[in-house]
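Participant: Attaching a single structure in structure tokens format; questions to follow.
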Amino acid sequence: MLDRRVKSFIFTQYLNPKYWDWDEDKKILFENRRNNQDKIFNEIYNRLKNLEGLKIIALIVHDKDENKNGLKDAHVHGYLEFTKQKTIASVSACLGIEPQYVEVPRKGRYGRLNCLAYLVHAKNLDKYQYSPEEVETFETFDYEEFIDDNLNDFRKYNATDKRKKGEIGLDLALQEVQQGRLKLREIFRDEDLALLYAGHMQKFSEAFEFYGLRNAMLRLDELEQGKYDLTVLYIQGAPGIGKSYLAREVAQKVREYGNKNGFASDVFSASSSNPFDDYYGEDILILDDLRQESLKVSDWLKLFDPLNTAKMSARYRNKMIVPRLVIVANYKSVEQFFGSFNFKNEDINQFKRRINFSSKISEKSFGIPPFDRIYSLSASKKLNEPENMRISKNEFITLNYGTKLLFSYDDRDKFINELLTQHVYPRIFSEK
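Mapping of the sequence shown onto my numbering: residues 188 to 619, in sequence order.
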């Protein structure tokens, strides 16, 4: 085990000179460890710099931890990352502590996350909560940013941990649902919560309905105040070309960006038969290959423009739908989809002007994966003169709105990045 070569380590040791194999002039620092804490940290840092490839160091003193006898003796916790593999033996020798006080984190993202979180007990609310500002990294790592980026994960973990310890029951679980801290998928991933849900499905349903309605009402206020612009993206392409994948990829990135910036974003993917049965206030909607008849004409318009009225028809229990982003993916063009006989009593231009951006995916003649597709983005624009367009053998429509090509790429990641950073994020997350 001591010879196992890895890149990450954690260590802990009491701030007592008898545990550190340092020169006497350095050991004396522990006699007044509070005043000398910076010097002790510097000594640890300077020692580790002798090992090639030190990438991240994070140190903190725990002096408020408790056991059954009172406060534990002060001790240091450290997290280390190197660019090159090391052994426990080499790291412990460099630190000047016994090898048994140096460990290797568990593999995977959560091994690293848990070790870094433990420095301040971020995932252990039953322990003393140290401030992220107390963690010294010598500018190798932004620890405060790490805590901010993972705060939602820590809160969810602590809530789940409490449930598993039997500290909360139905009332608190319902309260977490109402406050948006507990999602349906999280309930089903947790055996105890799933059983709790099974016994109280009606109460949970009402809690989700409340959260969805409140979310929609608050977002409608923001929309009315001009704090963001509802954005509709229509993705067109032949069956099997990757429309659904692109829609999900865009939605996922928007969700991640929204959550990172404090907007509590989530994705709802509507089904063809009952599109909004399980909608609970999510701000990102995916309408993937819905048929025209999946929604009433009036409901399509409400979805694209909730400022007129955000409530769907009685067929959908008058649910209030107020998204930030709507993504429609279909093999038909906008004109074919909304200009068909199913919409003959509604002007196609009502839809054209509400669809802010349209994207088309087409195949290259001689493309090599993953660059065998062309992804284009166009923006809606009002035409100077109306244009007639044939959408079928016997059908023509008159267009007052057209599109302007913004860009096209054969690199999907590049396309998504420009779409989001230049055109979507500034609209849906901008507090004007």
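Glycine included, every Cβ here is placed at the ideal spot set by N, Cα and C.
(1) Considering only C-alpha positions, which residue in the set Ser545, Asn203, Leu586 is nearest to Gln537?
(2) Would you grab the beta carbon distance between Ser565 and Leu606 for me? Rounded to a whole angstrom, and I think it's under 8 Å.
(3) Could you check what DSSP says for Ile284 in three-state terms: helix, strand or coil?
(4) Kindly identify the DSSP beta-bridge partner or partners of Ile615.
(5) How many whole angstroms separate the CB atoms of Glu285 and Ser277, which I take to be in contact at a CB cut-off of 8 Å?
(6) In or out: Glu230 buried (at least 16 other Cβ within 10 Å) or exposed?
(7) Only counting the same chain, and skipping five residues up and downstream in sequence, which positions put a Cβ closer than 6 Å to that of Phe198?
(8) Is the distance from the Cβ of Leu382 to the Cβ of Ala360 below 8 Å?
(9) To which residues of the same chain is Tyr444 closer than 8 Å at the C-beta, ignoring the five residues directly before and after it?
(10) Do the CB positions of Val515 and Tyr588 come within less than 8 Å of each other?
(11) Between the stretch 304-312 and the stretch 217-229, do at least 3 Cβ pairs fall closer than 8 Å?
(12) Rounded to whole angstroms, what's the CA-CA distance from Glu582 to Ser520? Just pull it up for me.
(13) Could you give the uninterrupted runs of the alpha helix (DSSP H) lying entirely in the stretch 516-604, keeping only those of 4 residues or more?
(14) Quick check: what's the CA-CA separation for Leu380 versus Gln389?
(15) Using three-state DSSP, classify Arg192 as helix, strand or coil.
(16) Cα separation between Tyr466 and Gly399?
(17) Do the stretch 571-578 and the stretch 545-557 touch if we need at least three Cβ pairs shorter than 8 Å?
(18) Counting pairs of beta carbons, one from the stretch 469-481 and one from the stretch 426-438, are three or more of them closer than 8 Å?
(19) Where does Glu253 sit, in a helix, a strand or coil, going by DSSP?
(20) The beta strand (DSSP E) with Ala381 in it runs from where to where?
(21) Taking the alpha carbon of Glu522 as the point to measure from, which residue in Gln423, Gly367, Gly427, Leu407 has its own alpha carbon closest?
(22) Is it right to say Gln362 is buried, meaning 16 or more other beta carbons lie within 10 angstroms of its own, or is it exposed?
(23) Per DSSP, which residues does Ala403 bridge with? Please list them.
(24) Count the other CB atoms, across all protein chains shown, that sit within 10 Å of the CB of Asn517; report buried if there are 16 or more and exposed otherwise.
(25) Would you please state the rounded distance, in angstroms, between the beta carbons of Phe491 and Glu469? I believe it to be under 8 Å.
(26) Would Phe463 and Ile508 qualify as a contact pair, given that the criterion is a beta-carbon distance under 8 Å?
(27) Between which two residues does the alpha helix (DSSP H) containing Asp358 stretch?
(28) Give the C-beta separation of Ser459 and Ser485 to the nearest angstrom, bearing in mind that I take them to be a contact with Cβ-Cβ under 8 Å.
(29) If you compare alpha carbons, which of Trp207, Lys294, Arg368, Glu218 is closest to Val193?
(30) In terms of residue numbering, what span does the beta strand (DSSP E) encompassing Lys273 cover?
(31) To the nearest whole angstrom, what separates the beta carbons of Phe217 and Asn203, a pair I think is in contact under 8 Å?
(32) Which word fits Asn543, buried or exposed, when buried means at least 16 other C-beta atoms lie within 10 angstroms of its C-beta?
(33) How many angstroms separate the CA atom of Gly386 from the CA atom of Leu357?
(34) Who are the near neighbours of Gly240 in its chain, counting only those whose CB is closer than 6 Å to its CB and skipping five residues on each side?
(35) Evaluate Arg191 with the Cβ neighbour count: other Cβ atoms within 10 Å of its Cβ, from every protein chain shown; 16 or more gives buried, anything less gives exposed.
(36) Along the chain, where does the beta strand (DSSP E) containing Val454 start, and where does it finish?
Facilitator: So, from the listed chains and residues:
(1) Leu586
(2) Going by Cβ atoms, the distance from Ser565 to Leu606 rounds to 11 Å, so no, they are not a contact pair.
(3) coil
(4) Per DSSP, none; premise fails for Ile615.
(5) So it is not a contact: roughly 14 Å between Cβ atoms.
(6) buried
(7) Gly265, Tyr288, Val289
(8) no
(9) Ser452, Leu607, Tyr612, Phe616
(10) no
(11) no
(12) 15 Å
(13) 521-525, 535-539
(14) 15 Å
(15) strand
(16) 7 Å
(17) no
(18) yes
(19) strand
(20) From DSSP, Ala381 is part of no beta strand (DSSP E) but of the alpha helix (DSSP H) over 378-386.
(21) Gln423
(22) exposed
(23) BP columns for Ala403 are empty, so no partner.
(24) buried
(25) That belief does not hold up - the Cβ atoms of Phe491 and Glu469 are roughly 16 Å apart, past 8 Å.
(26) yes
(27) 357-365
(28) No, Ser459 and Ser485 are not in contact; Cβ-Cβ is about 18 Å, not under 8 Å.
(29) Lys294
(30) 262-274
(31) 6 Å
(32) buried
(33) 10 Å
(34) Phe269, Thr270, Lys271
(35) exposed
(36) 454-457
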